[in-house]
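One structure is given here, and the rest of the page talks about it.
Number of protein chains: 2
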Amino acid sequence: MINEKYKAMLGGKSIIRELSEYATARGNEIGYENVFDYSLGNPSVPCTKGYTDAVISLHQEMNPMALHGYSPSTTIPSVRQAVAESLNRRFGMDYSMEHIFMTTGAAGALAHALRAVTQPGDVVLTFAPFFPEYTPYVEGTQANLRVVPANVEDFQINFSAFEKMLDENVMAVLINTPNNPSGIVYSEETIKKLAEVLERKQKEYGHDIFLISDEPYREILFDGRKAPYPSKYYSNTLSCYSFSKSLSLPGERIGYVAVNPKAVDADILVAMMAQISRGTGHNCPSSSIQLAVAEVLDETSDLSVYETNMNLLYDALVELGFEVVRPGGTFYIFPKALEADANAFCMKAKKYDLILVPSDNFGVTGYFRMAYCIDTEKVKRSIPVLKKFVETEYPNR
Amino acid sequence: MINEKYKAMLGGKSIIRELSEYATARGNEIGYENVFDYSLGNPSVPCTKGYTDAVISLHQEMNPMALHGYSPSTTIPSVRQAVAESLNRRFGMDYSMEHIFMTTGAAGALAHALRAVTQPGDVVLTFAPFFPEYTPYVEGTQANLRVVPANVEDFQINFSAFEKMLDENVMAVLINTPNNPSGIVYSEETIKKLAEVLERKQKEYGHDIFLISDEPYREILFDGRKAPYPSKYYSNTLSCYSFSKSLSLPGERIGYVAVNPKAVDADILVAMMAQISRGTGHNCPSSSIQLAVAEVLDETSDLSVYETNMNLLYDALVELGFEVVRPGGTFYIFPKALEADANAFCMKAKKYDLILVPSDNFGVTGYFRMAYCIDTEKVKRSIPVLKKFVETEYPNR
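In the order they appear, the protein sequences are chains A and B. Using the working numbering, count along the first sequence one by one with no gaps and you end on 397. Using the working numbering, count along the second sequence one by one with no gaps and you end on 794.
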């Protein structure tokens, strides 16, 4: 008989996907250029020429049996080595090859990191607002996800709530900075305080607490900002990365886990991840794509459009009177809705062909997310529409 | 704390991998050309020019945002459509797009198929000799794998043992034809009888029993043979495929599940697989590789070397007095060892730099596997060595 759990999941459609499908359907009616679709976090700039050239030359020049051969179960050594060196160069870390495990994007990275450092029944904490897919990612490991309420002041960590929830059943803490959906970047002060709390609680409870740091937006930073690299501040850190956003390769499913060399059992965690793969059918990302990204590790697509769009939207939102925290990176912004019910707010916006995502699924009520990975021209055209929407629907604010 | 289960798995190294590592190390000592390495099932012929050209032209000509964009959660529609049409053309099936789910190779396909049609605690039956990775594949789903003893006569199905083990807790039966490690192909008679038993037991127990058919060797057939397509004979069939062997792309991790259109819940199984992906971190195979294989679905690499090698080895083994069933396909042969303890037999062979894999891990004692996906020239050179080994170690047979 078919599996009841997965059958039941068919009912619960993602609100983001539903809105995105609505936007596409509406676009078929009135022309997609007339739909201000802020629903999906899909990169809007092409991958680098370096990546394309690397793929082509690998296929033209490399022995096809080597290019397309099985990866070792711990993934391709030369690629792991190149990733380690790139991270050491960029973040002053001390990784070697054995700390790197290549994965099918950040989803694959989180699947391995979570399984490696939790047992069924353990608790994993994350912080609102959070990426809704964390729920199936964590539940898929048989651990339980609990969500620390947001600090809506600035979307840094709500430490008083965190300390209350960080009981002895918590074996891992999952952070995402730069953050989807808020766009904020954890400050060095936040990361240091987080590390201090975790160190203290590890001692108090007599067991390790791993920090799982989900970092697909690491390279999309605004205002000349540098983001602190969380693993530098806390030894028991597994950094989970995807090239989806930095190289605009979301469909290629390529990323990695980087195990802090000072983490407990750092010498065996990657070998364990290779074992985890056997049970999930992961079995290494594509060999040719591992080899291609290894040649362009320090490149990024031209990410400047996201900052241009953020500035336009942020200024417009502030001018219209929205409460909004200025994003430090990503391609998201997370303003407060103009009524308590964010769903009602976003439903009203839909009438103006403004596709906004209500915040409830991100673990906060009363906000909405705009994914501004769209053409700047469209962002500009959307601003008068946003103004009209606000002035018409909320005339007495 | 790190996960105890995966840590414990670190001890249990695959005998195949151990032997392969030994062969590599020994090759470093005496030259790899002098090691007759029959350990690993790694294709020894290059992928097709068609595949390479498809990858290059996709990267030269297609919009990179479309080429590298997220796949829909049920994978790329045009690719699913092309796979359905290819299977319909080749096997007289009636698939449409919604029955096809693209996966990261056969491992990914089995991970989804098994999860879709079992609940934790269910029993999955397979037949010895079997691919040892079926154990972690099935255990990863929380179902239990039980192995029906081999029919050593011809390595078709041992039906009397099968019927005894097919109790009401069995929710899925996992077959692999052409078979790793025996190289045999299930006859039409075997498949028909299997279907008849399953139909009868479904009625008797009042629940569905799914057939999961693992078919990565489907295109490697000898003696002009055609293999029956199992799904044609039994409605509740999920066919799991990989392009690893037919196109020599094992490292690219690309394959699919094809759900028989007449299967129970055929209309929702693929959507369920998309849900399963969320919990395992699978999230679709690489987009560019999905698109590339879709252009060469009816191609294969030049697979004739495997038949050449099989003939050389089969004749030599028969002449040396081995009991051996003639393979109908794959690149494996599975002779009876010359003593009851296959491990001892293979250890003795190692002294002659003949790397043979003992059968115990495949669920049968007293046999050994040779993976003859190596150069024909090397197969030829190995035959006098095999002769010397047999005559020296087993002089009084």
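The beta-carbon is built from N, C-alpha and C at its ideal position, and this holds for glycine as well.
- If only complete runs of 3 or more residues are kept, the stretch 486 to 561 of chain B shows the beta strand (DSSP E) at 497 to 500, 520 to 524, 541 to 545, in order along the chain.
- Among the CB atoms of chain B, none fall inside 8 Å of the CB of C373 of chain A.
- The C-beta of D662 of chain B comes closer than 8 Å to at least one C-beta of chain A.
- For S468 of chain B, same chain residues with a beta-carbon under 6 Å away, outside a window of 5 residues either side, are C681, S684 in chain order.
- For E430 of chain B, no CB of chain A lies under 8 Å from its own CB, so it is not counted at the interface with that chain.
- Distance from the CA atom of L114 of chain A to the CA atom of K784 of chain B, rounded to whole angstroms, is 52 Å.
- Interface flag for V270 of chain A against chain B is unset, since no Cβ pair is found closer than 8 Å.
- Under the 8 Å criterion on CB atoms, D302 of chain A is classed as non-interfacial with respect to chain B.
- For P261 of chain A, the nearest beta carbon of chain B is not closer than 8 Å to its own beta carbon.
- Neighbours of N42 of chain A across chain B, judged by C-beta separation under 9 Å: M462, G466, Y467.
- The C-beta separation of P440 of chain B from C770 of chain B comes to about 6 Å, placing the pair in contact by the 8 Å criterion.
- Against M568 of chain B, the close residues of chain A are M1, in the order they occur along the chain (beta-carbon pairs closer than 8 Å).
- Distance check between V124 of chain A and each of A:I16, A:I209, A:Y217 places A:I209 closest, using alpha-carbon atoms only.
- For I588 of chain B, the uninterrupted alpha helix (DSSP H) segment begins and ends at 585 to 602.
- Each of B:G447, B:P792, B:P613, B:Y630 was checked against the Cα of I686 of chain B, and the nearest Cα belongs to B:G447.
- What S436 of chain B touches in chain A, judged by beta-carbon distance under 7 Å, is nothing: the nearest beta carbon there is about 13 Å away.
- Per DSSP, C743 of chain B has no beta bridge partner at all.
- Contact with chain A is absent for I588 of chain B, since none of that chain's Cβ atoms lies less than 8 Å from the residue's Cβ.
- In this structure, P658 of chain B sits away from Y429 of chain B, with a CB-CB distance that is not shorter than 8 Å.
- Contact with chain B is found for A116 of chain A, since one of that chain's Cβ atoms lies less than 8 Å from the residue's Cβ.
- Just so you know, the alpha carbons of F101 of chain A and I276 of chain A end up roughly 12 Å apart.
- For S454 of chain B, no beta strand (DSSP E) run applies; the uninterrupted alpha helix (DSSP H) run containing it begins and ends at 446 to 458, by DSSP.
- In this structure S57 of chain A is exposed. Its beta-carbon is surrounded by fewer than 16 other beta-carbon atoms within 10 angstroms.
- By the CB criterion at 8 Å, I254 of chain A and V293 of chain A fall inside the cutoff.
- Two segments are said to touch when three or more pairs of C-beta atoms, one from each, lie closer than 8 Å; by this definition the stretch 779 to 793 of chain B does not touch the stretch 571 to 584 of chain B.
- Per the coordinates, the alpha-carbon of P132 of chain A lies some 22 Å from the alpha-carbon of Q119 of chain A.
- When the beta-carbon positions are compared, L700 of chain B and V442 of chain B come within less than 8 Å of each other.
- Secondary structure note for I175 of chain A: its beta strand (DSSP E) is the uninterrupted segment 170 to 176.
- With respect to chain B, the C-beta atom of I355 of chain A has no partner C-beta closer than 8 Å.
- Judged by beta-carbon spacing, A746 of chain B lies within the 8 Å limit of F786 of chain B, meaning their Cβ atoms are closer than that value.
- Scanning chain A for C-beta atoms nearer than 7 Å to the C-beta of L646 of chain B yields H68, reported in chain order.
- Contact of V296 of chain A with chain B is not assigned, every C-beta pair being separated by 8 Å or more.
- Nearest Cα to P575 of chain B within the set B:Y403, B:M462, B:T471, B:C637: B:C637.
- Against C444 of chain B, the close residues of chain A are P64, M65, L67, H68, in the order they occur along the chain (beta-carbon pairs closer than 9 Å).
- Membership of L416 of chain B in the alpha helix (DSSP H) is indicated by the continuous run 412 to 427.
- Within the DSSP secondary-structure output, F368 of chain A pairs in a beta bridge with A:P358.
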